[in-house]
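Notes follow once the structure below has been shown.
Numbering (the UniProt record's numbering), first residue to last: 1 to 175.
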């Protein structure tokens with residue numbers, strides 16, 4: 001199963017994990033989840049740092065700091081479980097995540113907040129759906145604990161993003 005979270009949330013994060021070149025990677029939903037969660041965390045840490053510096057509004061800068069901080073903590077849990085399950089993790093986000101980071105960097109100051117909020121809402125919505133899927137199929141208690149702990153944070157971050165969207169008057173799709 002290809003599990004994409006930028007866990008996100010975990011976020012929370014687009015596209016399939018990069019799995020090529022990972023030696024002895026177990027073929028299990030849990031391994032796929034851990035790989036994708038790790039890549040999503042790496043992407044969210046980077047995106048959060050960019051937003052903290054580049055955000056035009058203080059709300060976006062605060063969200064960036066919040067996301068980077070949370071995903072650092074979450075990734076330490078993901079790495080620990082990956083080590084216990086002997087899952088090799090990649091060193092960087094997947095190509096789609098790297099491309100989004102490049103878009104964030106290239107966006108003008110006036111474009112950045114809209115781009116960031118739009119993509120992050122999408123990522124957190126995906127993360128919520130995928131968290132539900134993982135909870136239905138995982139048999140590993142450590143993976144289940146990670147997802148259960150992340151689920152309310154995914155919702156809190158999604159709500160913070162929609163509140164920011166509304167406060168800034170951004171013309172973005174509504175739920």
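Note that beta-carbon positions come from the ideal geometry of N, C-alpha and C, so glycine has one too.
Being a predicted model, the structure only gives us computed values, none of them experimental.
### Where residue 220 sits in the DSSP three-state scheme
In the structure displayed, the chain extends from 1 to 175; residue 220 sits before or after that span and is not available.
### Query
Roughly how far, in whole angstroms, is the beta-carbon of residue 54 from the beta-carbon of residue 112, given that I think they are within contact range, below 8 Å?
5 Å
### Task
Could you tell me whether the Cβ atoms of residue 33 and residue 48 are closer together than 8 Å?
no
### Query
For residue 127, is the classification buried or exposed, using 16 other Cβ atoms within 10 angstroms of its Cβ as the cut-off for buried?
buried
### Query
With distances taken between CB atoms, is the gap from residue 93 to residue 43 smaller than 8 Å?
yes
### Query
How is residue 159 classed by DSSP in three states: helix, strand or coil?
helix
### Task
Taking all protein chains shown into account, decide if residue 109 is buried (16 or more other Cβ within 10 angstroms of its Cβ) or exposed.
exposed
#### Entry: Three-state secondary structure (DSSP) of residue 132
helix
### Query
Between the C-alpha atoms of residue 65 and residue 120, what's the straight-line distance to the nearest angstrom?
14 Å
### Spatial distance of residue 145 from residue 84 (CA atoms)
14 Å
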